[in-house]
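Under mature numbering (1 follows the signal peptide of the UniProt record, and there is no 0), the letters of the sequence shown match residues -19 to -1, 1 to 527, in that order.
Where a beta carbon is used, it is the ideal one built from N, C-alpha and C, also for glycine.
If you're wondering where the values come from, they're calculated on a predicted model, not measured in any experiment.
Let me begin by presenting the structure, written as structure tokens, before commenting on it.
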Amino acid sequence: MVTVYLLCIALLSVVVGYGADEAKTQKPNIVFIMADDMGWNDISLHGSDQIPTPNIDLLGYSGVILERYYSHCVCTPSRSAFLTGKYAHVTGMQGYPLTNSEDRGLPITEKILPQYLKELGYATHLVGKWHVGGSRRKYLPTKRGFDTHFGHRGGYVDYYEYTLEETSSVGLVSGMGLFRNETPAWDVEGYLTDLYTEEAISIIKSHDESSPLFLMLAHMAPHGSNDGALLQAPVQTVRAMRHVENPARRIFAAMMKKLDDSVGDVVEALDKKGILNNTIIVFVSDNGAMTSGNSINYGSNLPLRGLKMSPFEGGVRLGGVMWTPLPRANHLYKGYVHVVDWLPTLLKAVGADIPKDIDGINLWDDIVANKESSRNEMFEIDDYSGFASITSGDFKLVTGNVTKAYSDFQGGGTLAGIIGKPPSYIDAVKKSKTFKSLEKLGRSLGVERFTHARQNMKIMCRETISYDETKICYPQNDKFCLFNIKEDPCEMKDISGLHTDLVRKMLARLTAEKNRLIPRTVPLFRDPKALPALHNFTWTIFADNL
């Protein structure tokens, strides 16, 4: 596998000017950017003109657009799966996400991606959200392979005050949630997305190139904040989104613009540092948007069905792109890619051995060479909420009890409305920082590439599937639903009655997978020892002395 990587680098050296000796010794840098609660319809790559995201889109246009990228439907499970290469249900991290007052975390027996990369000589940095354990010091990112961490350890914070409100045994409490390594970041000031961008740029600028860089930039955007101020963005950015009809969606659009600007700033920083031509960049969301309900952010998963916290496509099928300097990695990739696949895929990309006791599949060669995906099966198992799904080939079976309010079609009406003409998409692309950086590398693209890619990414459902809205299938108790998600990606037509043998086989496979599950059926316990008032009004470690 090292030979394969060196051959790729040799090809790369011809394109970007690497010397042969340097190319043989330099492992690629990795910048992994993860958005929070971003829906399918929230990036312009998928065809919408409402929210331009030119920097994100360009990474796909000049790299690989992952047409069928999947993750778990909730943030803690998806991040656990990314870090371990294992489904969340086999590490006990499935279900409702971690609260700041829970004494729970990703088991320290699990070796995670930054630990693998540290062994390979990488400098490892986490900027932004952690959300896989903060009650004990052993759960913190700097104890799990990251050299540094600047960010929030829990699910979210206020974008300006960095506080998080949570219901406890004494009522609603609030505490500071932003940390630099193990110290509360009382000294910082500014909009959170900007702070995380500035930190990422600082790390890139100061990086010692004698070792490769792994930077995980886990933005909070566009996740909602505390109930009193759910959506937050700089006023001038909100004003720039005046074409968005719905007022809440307008603020959300501004949050997305700041996120997209951040991507452009990071690409520019890599370019100025002179390491863009040896960096793998991935941009994905952790799960779908929360259009309504708990932690609402007014994101949209349309035309897909369902929201975050549901096993339907809107909760688990997400925007994803991968950029590499390799010229052959420039296409629309139609194969399945799951969040658990990043660990083995990235390890293969840097020429490392791949652990055998994981669920992730090495898809590096599949993606780069645009071959059929080695992944043909995926699971979403949540014993805490009480639903499960299996995807096998073209078919997806959903079982258990889903929350109906999170399992329908949302995001239309005024949320999709545009006042007058939206901003020029082509102008936004050509003015973006990523476009300018790609031009320097000789990777600029024509307009026809943008329009063709966006057209191919549009999902057509209602135009091609005949269905009765009153008969859409919701699994409850012993009732299950089967969909052909290739022909019916919006899961509008239950075909379980037409494929009884297939249903039987998929149920048997799902049952077998459930035997690997570490149960999460115990009630959520908010420990009073975590109260911020006991810790200088911060959400910090509280269980080490228990």
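Alpha-carbon spacing of residue i relative to residue j, whole angstroms
i        : j      : result
GLY269   : TYR317 : 17 Å
GLN31    : GLU249 : 25 Å
VAL71    : TYR140 : 33 Å
ASP363   : GLY76  : 5 Å
MET359   : MET271 : 22 Å
ILE262   : SER281 : 25 Å
SER373   : MET15  : 26 Å
ARG356   : ILE342 : 7 Å
LEU212   : GLN7   : 42 Å
TRP111   : PHE127 : 11 Å
LEU171   : SER183 : In the sequence on display, residue 171 carries Gly and not Leu. Those two C-alpha atoms are separated by around 16 Å.
ALA333   : ASP449 : 51 Å
TYR(-15) : ASP469 : At TYR(-15) the pLDDT is 40, less than 50, meaning the model places this residue with poor confidence; the figure from the coordinates comes in the next sentence. For TYR(-15) and ASP469, the distance between alpha carbons rounds to 38 Å.
LYS417   : GLY423 : 10 Å
GLU429   : ARG435 : 10 Å
LEU299   : ASN351 : 19 Å
ASN10    : LEU251 : 10 Å
TYR137   : TYR42  : 31 Å
SER291   : LEU344 : 26 Å
ASN207   : LEU173 : 14 Å
Residues bridged to residue i [DSSP beta-bridge criterion]
i      : result
PHE360 : ILE371
LEU313 : ILE46
LEU463 : LEU378
TRP304 : ILE262
GLN457 : LYS460
VAL216 : The partner list for VAL216 (beta bridge, DSSP) is empty, contrary to what the question assumes.
PHE195 : ILE11 and THR105
GLU147 : VAL154
PRO165 : PHE160
VAL318 : TYR50
VAL225 : ILE399
GLY86  : GLY114
PHE131 : VAL108 and ARG161
Same chain, Cβ closer than 7 Å to residue i, five either side skipped, listed in chain order
i      : result
GLY44  : VAL302, MET303, TRP304, THR305, ALA310 and ASN311
ALA181 : VAL108, LEU196, LEU198 and VAL247
ASN437 : LEU313
LEU176 : VAL169
Local Cβ density within 10 Å of residue i, reported as buried at 16 or more and exposed below that
i      : result
LEU153 : exposed
ALA4   : Because the pLDDT at ALA4 is just 39, under 50, the model does not fix this residue reliably, and the value given afterwards should be weighed accordingly. Its Cβ being crowded by 16 or more others within 10 Å, ALA4 is buried.
MET441 : exposed
LEU515 : exposed
SER405 : exposed
ASP23  : buried
PRO228 : exposed
GLN391 : buried
VAL349 : buried
LYS385 : exposed
ASN517 : exposed
TRP167 : exposed
HIS433 : exposed
GLU100 : exposed
ASN135 : The sequence given here has Gly at residue 135, not Asn. So GLY135 counts as buried.
VAL503 : exposed
GLU353 : exposed
GLY20  : buried
LEU479 : exposed
ASN162 : exposed
Residues of its chain near residue i, where Cβ-Cβ distance is below 8 Å and the 5 sequence neighbours each way are ignored
i      : result
VAL151 : PRO509 and LEU512
LYS92  : THR65 and PRO336
GLY73  : PRO88, ILE499, PRO500 and ARG501
ASP18  : CYS56, PRO203, HIS204, GLY205, SER266, ASP267, ASN268, GLY269, ALA270, MET271, SER276, ASN278, GLY280 and LYS289
Check: residue i C-beta below 7 Å from any heavy atom of the ligand MG
i      : result
ASP459 : Although the ligand MG was asked about, the structure shown includes no ligands whatsoever.
6 Å Cβ shell around residue i - same chain, five flanking residues per side excluded
i      : result
GLN457 : ASN382
SER413 : PRO35, ASN36 and GLY245
SER425 : LEU419
GLU63  : Reading off the sequence, residue 63 comes out as Phe, not Glu. Excluding positions up to five away in sequence, the list reads VAL320 and TRP323.
ASP2   : At ASP2, the pLDDT of 34 sits below 50, so the modelled position is not reliable; the number obtained from the coordinates is stated separately. So the list is empty, once near-sequence residues are dropped.
PHE293 : ARG286, GLY287, SER388 and GLU472
PRO284 : ILE440, CYS442 and CYS471
ARG497 : VAL71
VAL216 : none
Minimum Cβ-Cβ distance from residue i to chain B less than 8 Å
i      : result
ASP252 : The chain labelled as chain B is not found in the depicted structure, where only one protein chain is given.
Q. Touch check for the segment 48 to 68 and the segment 155 to 162: three-plus C-beta pairs under 8 Å?
A. By the Cβ criterion, the segment 48 to 68 is not in contact with the segment 155 to 162, since fewer than three pairs of Cβ atoms, one from each stretch, lie closer than 8 Å.
Q) Counting Cβ pairs, one atom from each stretch, are 3 or more of them under 8 Å apart for the segment 127 to 135 and the segment 212 to 221? A) The segment 127 to 135, when compared against the segment 212 to 221, does not touch it at the 8 Å Cβ threshold.
Q. So, do the segment 483 to 501 and the segment 458 to 469 have three or more beta carbon pairs nearer to each other than 8 Å?
A. Yes: the two stretches touch, three or more of their Cβ pairs being nearer than 8 Å.
(Q) With three or more beta-carbon pairs closer than 8 Å as the criterion, would you say the segment 180 to 193 touches the segment 90 to 108? (A) Touching, yes.
Q: Assess, as a yes-or-no matter, whether the segment 115 to 126 is touched by the segment 518 to 526 under the definition of 3 or more beta carbon pairs within less than 8 Å.
A: Yes, they touch.
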